[in-house]
Each structure stands twice: as C-alpha cells, then as structure tokens.
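Numbering (my numbering), first residue to last: 4 to 210.
Glycine included, each C-beta is placed from N, C-alpha and C at the ideal position.
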Amino acid sequence: MEELDPKQTPRAAAFELWMRAPMPMVTLTKTLDVARAVRLGRRPELKFNLLLCWSVGKAASRVEEFYTLPAGDRLIRYENLAVNTVVALEGGGIATCDVPFSESLDRFRRDYLDLTARVRESGAPYDLNGDYMVVGTSALPQTELDGAVNIYAGFYNNPFLVWGKVRRKLRRASLPISFQFHHAQMDGGHAARFLENLQEEIRTLNP
4 MEELDPKQTP RAAAFELWMR APMPMVTLTK TLDVARAVRL GRRPELKFNL LLCWSVGKAA
64 SRVEEFYTLP AGDRLIRYEN LAVNTVVALE GGGIATCDVP FSESLDRFRR DYLDLTARVR
124 ESGAPYDLNG DYMVVGTSAL PQTELDGAVN IYAGFYNNPF LVWGKVRRKL RRASLPISFQ
184 FHHAQMDGGH AARFLENLQE EIRTLNP
C-alpha cells in the first residue's frame, strides 16, 4: 500500500472536483449474459456466486484505476485486489468476507469456499487488512432486480456491485448488475470498460 499525491496522478482534476462533492458516487447498470456461469455453477465444486466474484476480480484487474482508492484527502495505491461477498449465517443474519483475488480460478475457488465457510461458522466477518483494494459485492437472489443504488456513507468509497435473481428464458440466462464507484477513483469510461471486461470474463469462463 502506498500513499500518492493526487496532484501527481492522472486523477488530479477528478480528485479535486469529486472529493468535495456531497454525493460523489456514480451508479451504472448493465444486463449481462450469465448463461455460462449458470451452467458451470451446477458443478458440485463450483457456485454461481463464486464464479461471478472471480469474474469481477478478473475484470477489475484489467483496469488500472481499480488499484487506487480515494480516502479522505489521500489517494491510496494498492498492489492487490480482493472481492468482498456477503455470507448468510447459520443462525440468521449476515457477515462479510474478503476473498483475495487470484488469476487462478482454482486458487480463488479454494479461498472462497474456505473463507466463507469460516465466516459462516464463526459468525464473524473476515477482513483483509493491508495491501488489498476491495471490490464489494452483494447478491440478492430472492428477487429479480432491475437496478440498485447504494447509500454513500462518506467513509466506504470502494467500488460495489449488486445483483439479484438470474432471469431465465429457454437456454438463456441474464442478470442486471448495478455497479457503483467513486468518481474520484475512475470516470464513466473506466467503469464502462470494466463492465465490458466483466461480460467477457463470464462468457469465457474456463475452470
């Protein structure tokens, strides 16, 4: 983790403008073709949400802006990415779990299954401290969503994705996904490229 001088980065103008804005978050919504992830998710060793989380990490790793995050009056540069997922607890309630991103889907799968099981059993969140820029996710498979806009707390500036229930029609499967990001971190063009990357990663999943 490294603290950068925002004025010495390509985000200088955006940082100056959007860190002072009362609502600096932007939300984009895109409907993705997730048929391949649905098919692969039927395997005992895989899960649909696991595959989406890995695809999010893979798509984010291809956009440089994901490795920096605005925090107060600072811009922090990270060397690694992680994907956060929400875990339903056995006794009710939820807890969050940070899963370190790996280019290896098999390595990510092992970490995802191990860490989410640990959170489910302990009831305590698992947070990665240190050199990880965390991309948040929240799955609400109980209902179909057209989109979601998250709250802006002023201290959690991380990118965040929300999705609901998969929409199935014959052999097709689609999923609207909402992507929220801090405008000081990236512009709409970067976010759009990430969403295109995400669609590509889902369509080419190869466990």
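Residue i classed as buried or exposed, judged by whether at least 16 other C-beta atoms fall within 10 angstroms
i	result
D134	exposed
P144	exposed
A16	exposed
N132	exposed
T140	buried
A24	exposed
P9	buried
T71	buried
T146	exposed
G167	buried
R14	buried
M26	exposed
L173	exposed
P179	buried
E82	exposed
Within 7 Å, strictly: CB atoms of residue i and residue j
i	j	result
S177	A151	no
N153	Q183	yes
V138	V86	yes
V122	C100	yes
E5	Q188	no
L43	L49	yes
R39	R171	no
A62	L201	yes
M28	Y155	yes
L148	K33	no
V89	I97	yes
P2	N160	In the structure as shown, the chain begins at 4 and stops at 210. Residue 2 is therefore absent and cannot be evaluated.
L20	A194	no
L84	S107	no
Host alpha helix (DSSP H) of residue i (start-end)
i	result
G60	F51 to S64
R170	Taken as a continuous stretch (DSSP letters only), R170 belongs to no alpha helix (DSSP H), being part of the beta strand (DSSP E) at R170 to K172.
R206	G191 to R206
A15	A15 to W21
Residue i, enclosing beta strand (DSSP E) - first and last residue
i	result
N87	N83 to A91
T119	Where T119 is concerned, there is no enclosing beta strand (DSSP E), although the alpha helix (DSSP H) it sits in stretches over L108 to S125.
R42	R42 -> not in any beta strand (DSSP E); alpha helix (DSSP H) instead, spanning A38 to L43.
R2	It is not possible to answer for residue 2, since the shown part of the chain is limited to 4 through 210.
F158	Counting along the chain, F158 falls outside any beta strand (DSSP E), and DSSP gives it neither H nor E.
A74	T71 to A74
L78	R77 to R80
F163	F163 to W166
I97	I97 to P103
E6	E5 to L7
G139	Y135 to A142
Whole-Å CB distance - residue i paired with residue j, under 8 Å assumed
i	j	result
G126	G157	About 28 Å; that fails the 8 Å criterion.
A120	N52	So it is not a contact: roughly 14 Å between Cβ atoms.
Should the region 108-119 be regarded as contacting the region 39-57, the criterion being three or more beta carbon pairs within less than 8 Å? The region 108-119 vs the region 39-57: in contact.
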